[in-house]
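In this note's numbering, the protein residues as written are 29 to 326.
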């Protein structure tokens, strides 16, 4: 099935926000996205979010090569959590890009009419792998982008083409509504994503009454976020603290943990002091046990 010739322009409208969402929801240190040229299948990186190595933006991937080429060919996500393997693949397919500081990498297809039109990438800069939750978040972000592409397409159609005469739109979802991706097990992150989305939408609304109504919903969400912070603030560990604690849970020493996370042993000690203070414990073993009891660690 052929893709409409206007597909690349639609993708370019939606892609920047998609890779920003991917970075926020997956915890990737770097995200980027590429558009697939119709007919040729060539993938070109057009957008980057985060500290990217030189040569990445604008890089063109020949059909069927590299991680992105495999995603386009098979229309399936690819995840390489072994940093050394990920760097080998990048060096073999993109030798002009400095991949020395990149670790795990994932790539997810975005489809229109069953044809891959874009690929979303996420990359880590440490030895930390992509978790199952992060992979689910990446897939959810790609599905959201697909819905947004459909919404962009319907904006140019008359309303009668969207809602047939004599039918009413569902009261639970507006016509063209695009559901946001959820962060599994992290309701606060879903609230933050919804709040940021409303803030961005408000910038494009000129009607003062509508802006006020959206602002009211935004304030309600912010109040919920503030309440969550007050209730669970003492127990909220940062992503980096969780990375450190995960290494400790594997039985690694401070020095080994520091080497894996490419930080100093003193930095690891500082993280552990913060973790123990938040969890109300006095040693590393107790911190791991408390985190597992709270569902922070498997």
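Positions of the beta carbon are idealized from the N, C-alpha and C atoms, including for glycine. A quick note: this is a predicted structure, and the numbers were derived from the prediction, not measured.
I'd like to know whether the C-beta atoms of residue i and residue j end up nearer to each other than 8 Å.
{"i": "residue 76", "j": "residue 144", "result": "no"}
{"i": "residue 134", "j": "residue 117", "result": "no"}
{"i": "residue 173", "j": "residue 309", "result": "no"}
{"i": "residue 233", "j": "residue 224", "result": "no"}
{"i": "residue 167", "j": "residue 267", "result": "no"}
{"i": "residue 169", "j": "residue 50", "result": "yes"}
{"i": "residue 47", "j": "residue 81", "result": "no"}
{"i": "residue 325", "j": "residue 53", "result": "no"}
{"i": "residue 59", "j": "residue 154", "result": "no"}
{"i": "residue 293", "j": "residue 282", "result": "yes"}
The alpha helix (DSSP H) spanning residue i covers which residue range?
{"i": "residue 282", "result": "282-289"}
{"i": "residue 152", "result": "Element bounds for residue 152: n/a, residue is neither H nor E."}
{"i": "residue 303", "result": "293-307"}
{"i": "residue 233", "result": "Premise fails: residue 233 is in no alpha helix (DSSP H) and is neither H nor E."}
{"i": "residue 134", "result": "Run containing residue 134: none in the alpha helix (DSSP H); it sits in the beta strand (DSSP E), 133-140."}
{"i": "residue 313", "result": "312-321"}
{"i": "residue 102", "result": "94-102"}
{"i": "residue 277", "result": "267-277"}
How is the beta strand (DSSP E) around residue i delimited, first residue to last?
{"i": "residue 74", "result": "71-77"}
{"i": "residue 122", "result": "No beta strand (DSSP E) contains residue 122, which DSSP labels as neither H nor E."}
{"i": "residue 62", "result": "58-64"}
Quick one, which of the options has its alpha-carbon nearest residue i's?
{"i": "residue 70", "options": "100, 290, 43", "result": "100"}
{"i": "residue 73", "options": "48, 137, 61", "result": "61"}
{"i": "residue 122", "options": "96, 137, 102", "result": "96"}
{"i": "residue 303", "options": "227, 264, 93", "result": "264"}
{"i": "residue 109", "options": "136, 146, 152", "result": "152"}
{"i": "residue 38", "options": "177, 319, 294", "result": "177"}
{"i": "residue 91", "options": "283, 66, 139, 55", "result": "66"}
{"i": "residue 79", "options": "119, 130, 102", "result": "130"}
{"i": "residue 148", "options": "45, 288, 137", "result": "137"}
{"i": "residue 317", "options": "290, 132, 249, 277", "result": "277"}
{"i": "residue 93", "options": "242, 154, 120, 140", "result": "120"}
{"i": "residue 142", "options": "249, 103, 113, 285", "result": "103"}
{"i": "residue 165", "options": "150, 127, 154", "result": "150"}
{"i": "residue 132", "options": "55, 285, 311, 314", "result": "55"}
{"i": "residue 127", "options": "248, 112, 139", "result": "112"}
{"i": "residue 44", "options": "279, 227, 306, 146", "result": "146"}
{"i": "residue 279", "options": "249, 315, 292", "result": "315"}
{"i": "residue 57", "options": "245, 162, 311", "result": "162"}
{"i": "residue 306", "options": "313, 295, 294, 319", "result": "319"}
Three or more C-beta pairs below 8 Å linking the segment 158-171 and the segment 79-89:
no
Segment contact, 8 Å Cβ cut-off, at least three pairs: the segment 272-281 with the segment 293-306
yes
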